[in-house]
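One structure is given here, and the rest of the page talks about it.
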Amino acid sequence: LEVETVKATKNIQVGNVNITNEGDPQYHGDMNNVMNVSGIDGQPTVITGVADGIGPNDAVNMNQLSRLAGQVGEVDRKVEKYKRNANAGTATAIAIASLPQAADAGANMLSLAGGSYDGETATAIGFSRRSDNGKFIIKANGSFNSRGKVGVGVGVGFQWR
-13 LEVETVKATK NIQVGNVNIT NEGDPQYHGD MNNVMNVSGI DGQPTVITGV ADGIGPNDAV
47 NMNQLSRLAG QVGEVDRKVE KYKRNANAGT ATAIAIASLP QAADAGANML SLAGGSYDGE
107 TATAIGFSRR SDNGKFIIKA NGSFNSRGKV GVGVGVGFQW R
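In this note's numbering, the protein residues as written are -13 to 147.
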């Protein structure tokens, strides 16, 4: 039996496909396992009552898609936060590395330096002392950056020829 058009006044069920007079599900015989659902006017229609997909070939419903979109958005926010924190850490390293130190034997130095990296900033303060014989150097520093993080560091050095 070959029929081009069938008009239903009530539901028609063929196998597991239910066709109502409110919609027009169609099975395309030349495309295996494909179903096209459209409304009376041929426009796309909304499918309701779809449970959460469980298996790898299950459909995804709007609830699942919205949850996934929220999770992706949260990951984006976290990555941006980590990026800003890393940039502030880089600015801190630049500030600390920019602190000068005492150069002459027996000298002391109090120093201040700043750093900036990709929109984040940092300030460092340091103290250094070179021993009277010039062979030992001690250094201490502290820093704070635009992300509200504080850092400290100390070091001792011995030089010889």
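Cβ atoms here follow ideal geometry from the backbone N, Cα and C, with glycine treated the same way.
- Between the beta-carbon of Asn131 and that of Asp104 there is about 12 Å, and that puts the pair past the 8 Å contact cut.
- Between the segment 47 to 55 and the segment 111 to 123 there are fewer than three C-beta pairs closer than 8 Å, too few to call the two in contact.
- One Cα belongs to Ala99, the other to Asn127, and the distance between them is close to 10 Å.
- Taking C-beta atoms as the reference points, Gln145 and Lys121 count as a pair closer than 8 Å.
- From the listed residues Pro30, Val32, Arg147 and Asn47, the smallest Cα separation to Asp38 is found for Asn47.
- In the three-state reduction of the DSSP assignment, Val58 falls in the helix class.
- The C-alpha of Lys67 is placed about 20 Å away from the C-alpha of Ser129.
- Nearest to Gly143 by alpha-carbon distance, out of Lys69, Gly137, Ala89 and Arg70, is Ala89.
- Looking at the DSSP output, Ser102 sits in a beta bridge with Thr107.
- Distance check between Gly35 and each of Asn49, Gly41 and Gln29 places Asn49 closest, using alpha-carbon atoms only.
- For Gly128, DSSP records a beta bridge to Ile111 and Val138.
- Assigned with DSSP and collapsed to three states, Arg116 falls in strand.
- Ranked by Cα distance from Ala91, the options Ser117, Ser97 and Leu85 are led by Ser117.
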